[in-house]
Every structure is written in structure tokens, then in C-alpha cells.
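Numbering (this note's numbering), first residue to last: 2 to 421.
Spelled out as C-alpha cells, the structure:
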């Protein structure tokens, strides 16, 4: 078994023989859809276990694959340990990137049908303490552990680490790029364009050679775009979608979009991407983003209780729909890590008239994700056998008292009085 790997900075493009099967038979699947629109992440349904028909059609390993989303005929898959929220984030990117809005006019049905005929699918795998986790994916067991793999005819599977789907800030990772956008471009390139645009490979080779000869991308922050023609195209697709700013030249004006910068600096690459993608659509500007959290600050006063307040003995509990709501259930890794610190520790008083603040984490109440944004919350603080606070509020009540930084003050925990 021989494989060729292109890998830099943990993202790999696989080209060679693997354990995947590009043509399972017989094919009992319904026909590929002729039309496909964009769809927000919270509208997708996660199905578990994976249906028998899908397992059979794609010859999936039931011991690994436990979750499934159907994105108009394309399976987005993951093991049990991958968050359903992040699986939905992946499905949303697939739906956007392969939509009629995002693909060049007339190319949508052709690209989707070609991917469908190749039995293309997407897998999201969780990061492991000692590696990326790709080697746990059955199709990748014989290959190096990497953060992402692009699909090829031999292994028509795109796989990325779930951490790449944890959005940070107000954009989907604009500095570090969007790994799934990158890998989907690899997949479109290697699974469809040889027949849809017969001279595409020659055009790509010429554009890449010209870019190297003219040093069009020398002096970028990362230089990954210069690795080979495959990465040249895939990184270009990220710039097209206004992410991966560290691949831009330092001479780019801050106000200039990355897509415009791409067109100005490398028109040949821009023109190649315009054969695939529509210039009218900006994919990453349309994605649903889970941005963070609200914080309920409980203001405690020693005089209100029969015992001296001791932060080390305070137990914080959060309930929703009658069940305990744990911070560990929050699937956004960055938010959860911050939340656990805020949830577990109190702070010295910031407002006069009380002795101790306890910050309790709540998922961002402005978001519509039913996976972690609830309509009502109950907060309960205890110290040994003493109840310090036991208050319930609706989502709308909490939002009405939130300041511009997402902080909500519970100024009187005895009477459960919120304050601005």
C-alpha cells in the first residue's frame, strides 16, 4: 500500500490507497438533489445511531460512526464523542459551500452529483490528549495522525478535527482560516473537476508555476499557499471566503477584503476559483456563530447568612427544565474552558455593600441553539447545609437585565432580585 501525503501545519491532503471504498454496490440511495440551498446549523437533525441504509451504502464501521447528518445526500458523520453542536457546524459549512448560491451558476448540480457518485462523505473526529485523533477514523488508520484530510477518488472522505469547528470571536476563525472550507475545496478539485473542467489541472499548474516564478505570495505570514498546487488552490479558496488573513501580504490595506486582495495579487488563481465559486456569495459571512456566554454575578453579603461566607465551601448548581445543567456539556471548547474557571471560582466584591461575588456561567442567551440555550434557568448556591440563593429566571428576564458585556447582576440573592 502506497500513499502520498501533502502535510504542513497539521492539515493533510491524502492521495493514494486507503481503506475507503469509492464505489460500494449495489447503490440503493435516492438520486442526488438537483437544487440545494443554504441552511443554518440549528435546523439540521443529528441522527443516532447511523441508519442501516447509510452504513450499508458507505460501508461504515459501526464501532466508530455513531452520529449522522444528511446534507442533501452527503453524510456528515462523527463518533459518539464528537459534539452534536460541532457536527451541525460542519453540516452548515457543507450546505453553504455546496449550495447553488455559493457555487458558480450551473455548476451546483454537476459538482454535487459528481461528489454523490463518488460516495463522498465528511467525518468530524475529536482531538485526543496525545494527538489529533484522525488515526481512530477507520479509513485513516494506516496514515499519519493529522488535523485534516482531503478526499481523493481512492478515499472519498474529507475529515477534520472538531476543534476547527469551534468558532472564536465574531468571525469563523478569520486569522487561522477555515479548515473545512479548505478541505472541501480539495474534495471538489480532486473528485469533480477532472471531468467538469477538463483543462482545469493544466490551468492550475500554470497559475501555480507563474505564482512561484513571480514570488506572488512570498513574504506571507505562513507561506502554506506556496506548498504545492493543491494547497495553492485550497488556501486560495479561504482567501476567496475572507478567512486565513495570515496568508495575505503585509502590503494589503487593512480595509481591503481578502477576496479583493486575492484578485489584485493573483488574478490567475482568482479566475480559477471563479470557475467553481460565485463572486456574489461570501460563505463565511453567512455562517451561524456561537459567540460566547452571559455571566450571572451573584452578590453575597455575610450579614444575610448565619455562617461566614467561605468561597471554598460554596457549591454552585445550575438547572434547566428540572435537570442539572453542567458546564461540561457546553461544546464550544474555548467558551467551556473560560466558563469552568468562572463557574468554579468567586471574585472579590466589585460593587459596594456586599462581601463576595460568585460568577455563574450561562450560554449566550442571544443565540438560538437549542442544544445549549435554554428558555429558563434555575440557579442554586449552597454552603454546606445553608442555601445562599435559589432563584429561577426566564431567558427573557435575564436578557432584559444584561449589560453590553453580557453581565447580569443578582444584587439580592435572598429575594432573587436582578439589578442593572
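Glycine included, every Cβ here is placed at the ideal spot set by N, Cα and C.
Taking residue 164 as the reference, which of 82, 190, 214 has the closest Cα?
Stepping through the chain shown from its first residue, residue 164 is reached at position 163. Considering only alpha carbons, the answer is 82.
Got a sec, what are the start and stop residues for the beta strand (DSSP E) residue 162 sits in?
Translated into positions along the chain shown, residue 162 becomes position 161. Where residue 162 is concerned, the enclosing beta strand (DSSP E) stretches over 158-162.
Quick check for students: name the residue ranges of the beta strand (DSSP E) that lie wholly in the stretch 365-417, counting only runs of 3 or more.
Qualifying beta strand (DSSP E) stretches, in chain order: 377-384, 387-395, 408-413.
What are the start and end residues of each continuous beta strand (DSSP E) run of 3 or more residues lying completely inside the stretch 43-92, in chain order?
List check, beta strand (DSSP E) in window: 68-72, 75-79.
Within the same chain, show all residues whose beta-carbon is closer than 6 Å to that of residue 253, passing over the 5 residues directly before and after it, in chain order.
Counting from 1 along the chain shown, the entry for residue 253 is found at position 252. The answer, listed in chain order, is 262.
Compute the beta-carbon to beta-carbon distance between residue 315 and residue 359, rounded to the nearest angstrom, for a pair I have assumed lies under 8 Å.
Translated into the one-based positions of the chain shown, residue 315 becomes position 314. Translated into the one-based positions of the chain shown, residue 359 becomes position 358. Yes, residue 315 and residue 359 are in contact; Cβ-Cβ is about 6 Å, under 8 Å.
Is residue 357 closer than 8 Å to residue 411 when the C-beta atoms are compared?
To locate residue 411, count along the chain shown from 1; it is residue 410. To locate residue 357, count along the chain shown from 1; it is residue 356. Against a cut-off of 8 Å, the Cβ pair of residue 357 and residue 411 comes out as no contact.
With 16 as the cutoff for other CB atoms within 10 Å, does residue 193 come out buried or exposed?
Along the chain shown, read from residue 1 onward, the residue named residue 193 stands at position 192. Flag for residue 193 reads buried.
Do the stretch 64-79 and the stretch 30-48 touch if we need at least three Cβ pairs shorter than 8 Å?
Segments in contact, yes.
Give every residue of the same chain whose Cβ lies closer than 6 Å to the Cβ of residue 66, excluding the five residues on either side of it in the sequence, and list them in chain order.
Taking the first residue of the chain shown as position 1, residue 66 is located at position 65. Cβ neighbours of residue 66 beyond the five flanking positions: 51, 78.
Would you identify the three-state DSSP class for residue 351, choosing helix, strand or coil?
By 1-based counting over the chain shown, the position of residue 351 is 350. Summary for residue 351: the model assigns pLDDT 43, below 50, so the residue's position carries little reliability, and this model does not support an answer.
Taking only the alpha-carbon atoms, compute the straight-line gap between residue 343 and residue 268 and give it to the nearest angstrom.
Within the chain shown, residue 343 is the residue found at index 342, counting from 1. Within the chain shown, residue 268 is the residue found at index 267, counting from 1. Low local confidence applies: a pLDDT of 35 at residue 343 is under 50, so the model's placement there is unreliable, and no value is given.
State yes or no: is the C-beta of residue 112 within less than 8 Å of the C-beta of residue 87?
As a working mapping, residue 112 is identified with position 111 in the chain shown. As a working mapping, residue 87 is identified with position 86 in the chain shown. Contact: no.
DSSP three-state call for residue 129: helix, strand or coil?
Translated into positions along the chain shown, residue 129 becomes position 128. Of the three classes helix, strand and coil, the one that applies to residue 129 here is strand, per DSSP.
Considering just the uninterrupted stretch of the alpha helix (DSSP H) at residue 198, what are its terminal residues?
As a position in the chain shown, residue 198 is number 197, starting the count at 1. That residue, residue 198, is in no alpha helix (DSSP H); it is neither H nor E in DSSP.
Output the distance between the C-alpha atoms of residue 140 and residue 198, rounded to the nearest integer angstrom.
To locate residue 140, count along the chain shown from 1; it is residue 139. To locate residue 198, count along the chain shown from 1; it is residue 197. Cα to Cα, residue 140 sits roughly 28 Å from residue 198.
If you reduce the DSSP assignment to three classes, tell me which class residue 105 lands in.
Counted from its first residue, the chain shown places residue 105 at position 104. Residue 105 falls in the coil class under three-state DSSP.
Using DSSP bridges, identify the partner residues of residue 297.
Translated into positions along the chain shown, residue 297 becomes position 296. Beta-bridge pairing links residue 297 to 361, 409.
For residue 109, tell me which candidate among 101, 115, 116 has the shortest Cα-Cα distance.
Looking up residue 109 in the chain shown gives position 108. Checking every option, the nearest Cα to that of residue 109 belongs to 101.
Once you ignore the five residues that flank residue 385 on each side, which residues in its own chain have a CB closer than 8 Å to its CB?
Within the chain shown, numbered from 1, the residue matching residue 385 stands at position 384. These residues qualify, in order along the chain: 308, 314.
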